[in-house]
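> Submitted below is the structure of interest, expressed as structure tokens.
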Amino acid sequence: MMFFENGIPREIFWSGFGLQVWMQMVLQFLRGSASAVLILDEPDIYLHPDLQVRMMDFASQRFGQIFVATHSSAIISTASASELLIISAREGAAIRET
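Residues 160 to 257, numbered by the working numbering, are exactly what the sequence shown covers, in order.
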């Protein structure tokens, strides 16, 4: 995979890991459809909070349903309270926020 930096073609291998993760997600999201379900486990790793929000906005436009396991406040802020499910090992149960 290649990208351009200051007009110079570069292999993705030489970019930062965050950019590599972002580009891989975008390519996968382009395959999405309204009938598809997207499952993401800690997608925030190596991504700046601004990119996390943009990633979720893009994903929500491409997929009919999204499940995300995250600790990222940036990603959590993109969801409404009715879309959140908090799972606590201390409580031993899943809690739906209202």
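Even for Gly, the Cβ is constructed at its ideal location relative to N, Cα and C.
Please classify ARG226: is it buried, with 16 or more other beta-carbons within 10 angstroms of its beta-carbon, or exposed?
Here the sequence assigns Phe to residue 226, which means Arg is not the residue at that position. By the 10 Å Cβ count, PHE226 comes out exposed.
> Going by the DSSP bridge assignment, what does ALA248 pair with across the sheet?
Note: ALA248 sits in no beta bridge, so no partner.
> Pull up the DSSP beta-bridge partners for GLU170, would you.
Partner(s): MET161.
> Helix, strand or coil for PHE226, going by three-state DSSP, please let me know.
Correct three-state label for PHE226: strand.
> Tell me which residue opens and which closes the alpha helix (DSSP H) that LEU178 is part of.
Residues 176-188.
> Quick one: using the 10 Å Cβ neighbour count with 16 as the cut-off for buried, is MET161 buried or exposed?
Burial call: exposed.
> For ILE198, which residues does DSSP report across the bridge?
Per DSSP, PHE226.
> Is the beta carbon of GLN224 closer than 7 Å to that of VAL196?
For VAL196 and GLN224, yes; Cβs fall inside 7 Å.
> Using alpha carbons as the reference points, say which of MET215, LEU243, LEU206 and ILE204 lies closest to PHE188.
Here the closest residue by C-alpha is MET215.
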